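Trainee: Count along the sequence shown starting at 1, add 7, and that's the number in this note's numbering.
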Amino acid sequence: AAVRASPFVDGLRRLLAAESVATDTAELLVTLADLAYIAGACDGDNPRTLELAVAAYDRYIRLAPGPARANPMRMRAEALLRLRRPTDAFAAFTALHARRLAQGIAEDDEVA
8 AAVRASPFVD GLRRLLAAES VATDTAELLV TLADLAYIAG ACDGDNPRTL ELAVAAYDRY
68 IRLAPGPARA NPMRMRAEAL LRLRRPTDAF AAFTALHARR LAQGIAEDDE VA
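1. Is the beta carbon of A75 less than 9 Å from the beta carbon of A43?
2. Could you pull the start and end residues of the alpha helix (DSSP H) that P72 belongs to?
3. What number of angstroms, rounded off, separates the C-alpha of A8 from the C-alpha of L59?
4. Could you tell me the boundaries of the alpha helix (DSSP H) in which S13 lies?
5. Can you tell me whether A77 is helix, strand or coil according to DSSP?
Dropping the structure here:
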């Protein structure tokens, strides 16, 4: 998975190196972040790749409209857990939980 993902991970590095990312590129950014997360996880929790995913999620969260942020926020928290940064991960999960409460999610909504 890591080998197959490497051209996309390289693309993500280039995208993150850009000073700014256009709003219409935001979906590509989060898709590449997800791919980097999967590649990092499949490569024995490769910290370099997982940190790249976290950076991409951070950038996406700053760009995306409110409701679109929930899944990337969760994936960011999961990446932080894989990076063995539990304090940061639980802070991220707490922020996600607070956001969901503020949005008024129903009790039967899926929170994965």
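Note that CB positions come from ideal geometry on N, CA and C, so glycine has one too. Since the structure is predicted, the reported quantities are computational estimates derived from the model, not experimental observations.
Mentor: The structure says:
1. The residue labelled residue 75 in the question sits at position 68 within the sequence shown. The residue labelled residue 43 in the question sits at position 36 within the sequence shown. For A75 and A43, no; Cβs fall outside 9 Å.
2. Indexing the sequence shown from 1 puts residue 72 at position 65. Taken as a continuous stretch (DSSP letters only), P72 belongs to no alpha helix (DSSP H), as it is neither H nor E.
3. The residue labelled residue 8 in the question sits at position 1 within the sequence shown. The residue labelled residue 59 in the question sits at position 52 within the sequence shown. L59 has its alpha-carbon roughly 16 Å from the corresponding atom of A8.
4. Here residue 13 refers to the residue found at position 6 of the sequence shown. In the DSSP assignment, S13 falls within the alpha helix (DSSP H) that extends over 9-24.
5. On the sequence shown, position 70 is the one that residue 77 refers to. If DSSP states are grouped into helix, strand and coil, A77 belongs with the helices.
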